[in-house]
Amino acid sequence: LAISASNELGEMQSGLAAGLLGATGAVVFGGAGAIMIVILWAWLFPELRNARTFAPHYRQRGEEP
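First residue of the sequence shown? That's 264 in our numbering, and the numbers climb one at a time after it.
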């Protein structure tokens, strides 16, 4: 139920934002929000910026689990 309702909720949110801000305002606001989330995650999880791979550490050293 949650998966099938997510598309409709996203469409409702987009329509509401476009109704309040106009189409251009909704796109600009959404883009700015996405950039702010990326900056927040980079600040909260700096180890992600330095990651070269997402493989487990034992695979990087050639060991077996």
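Where a beta carbon is used, it is the ideal one built from N, C-alpha and C, also for glycine.
Everything numeric in this text was worked out from a predicted model, so none of it was measured.
Limits of the unbroken alpha helix (DSSP H) element including residue i
| i | result |
| --- | --- |
| ARG312 | 309 to 313 |
7 Å Cβ cutoff met for residue i and residue j
| i | j | result |
| --- | --- | --- |
| ALA289 | ALA297 | no |
| ALA305 | ARG312 | yes |
| PHE292 | LEU284 | yes |
Helix, strand or coil at residue i according to DSSP, with G and I counted as helix
| i | result |
| --- | --- |
| ALA318 | coil |
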